[in-house]
Amino acid sequence: MGSFVRLTLLLSLLSGVAVISCKTTAQSGSGVSSYGDSRYSVTHYAPGEMPVECQTPPGFSFNDGVAVVEGDDLIDGATCPGWSSGLPDCTKTLRDKNLCGTIIKITFRGTVKRAWLTGICPWDHPNNASKGNWNPCGRGRKNLDLMDSIYSALGLSHNYSWGPDQSQSPWQTNPQAAYVDAVKDGHIDGVGPIK
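Heads up: the sequence shown runs through residues 1 to 195, numbered per this note's numbering.
This is the structure:
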């Protein structure tokens, strides 16, 4: 009987620690890496630095685009199995799953912006795969690749971009890396892939 009481007490204490830990994490909301994997890290790019696979939906600026890592819930778990000219080709997947026209609401520190899906960020594209552990499009990662305009409009600076801090040896995740909330926020019909 004494063993049972000790076990019950131990489990109660462990439960209390878990609850306290959860509360601490949830309340540490500065908008940076303390949010962990429950939100999306972000990277940014200038138009022309990355191919845009979807047409711009009516009512949206071309510069308000976002690419989503393949396999993510925001794009219904879609992946890019087809290859064209030695590169992953997401066009068929985008067309078959009717993903172009997907609108995503992104929130950072109270600022809310709506972005349109420019395409899928494939983990095994040579430009991504060569980044190794620092591949923002790596399998299982939760990362959004935002065009510079919407990235800045959210109040994000280059210092918040996810990635290696090359001043550290060995490389470490950027301690200032920002994490944003992102949810699907509708779909505009009639928007298809560019090719």
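Where is the CB? At the ideal position from N, CA and C, for every residue including glycine.
Residue burial classification, residue i (beta-carbon count within 10 angstroms, cutoff 16)
{"i": "ASN143", "result": "buried"}
{"i": "ALA115", "result": "buried"}
{"i": "ALA67", "result": "buried"}
{"i": "THR111", "result": "exposed"}
{"i": "GLU53", "result": "buried"}
{"i": "ASN174", "result": "buried"}
{"i": "GLY119", "result": "buried"}
{"i": "PRO122", "result": "buried"}
{"i": "TRP162", "result": "buried"}
{"i": "ASP64", "result": "buried"}
Contacts around residue i, its chain only, beta-carbon distance under 7 Å, and the 5 residues preceding and following it disregarded
{"i": "TYR40", "result": "LYS142, ASN143, LEU144, TYR179, VAL180 and ALA182"}
{"i": "LYS195", "result": "THR91"}
{"i": "GLY77", "result": "GLY71"}
{"i": "THR107", "result": "VAL180 and ASP181"}
{"i": "LEU74", "result": "VAL68, ILE104, ALA182 and LYS184"}
Extent of the continuous alpha helix (DSSP H) to which residue i belongs
{"i": "ASP96", "result": "91-96"}
{"i": "ALA153", "result": "148-153"}
Neighbourhood of residue i by C-beta distance below 6 Å, restricted to the same chain and skipping five residues each side
{"i": "THR102", "result": "LEU117 and HIS187"}
{"i": "PRO58", "result": "none"}
N- and C-terminal bounds of the beta strand (DSSP E) containing residue i
{"i": "ARG114", "result": "111-121"}
{"i": "ASP181", "result": "179-187"}
{"i": "TYR40", "result": "40-45"}
{"i": "PHE108", "result": "102-108"}
Chain-order list of residues whose beta-carbon lies under 8 Å from that of residue i (same chain, five-residue window excluded)
{"i": "GLY190", "result": "GLY101"}
{"i": "PRO51", "result": "GLY119"}
Those residues which DSSP pairs with residue i across a bridge
{"i": "GLY65", "result": "TRP116"}
{"i": "ASP145", "result": "THR43 and ALA67"}
{"i": "CYS54", "result": "PRO193"}
{"i": "TRP83", "result": "PRO88"}
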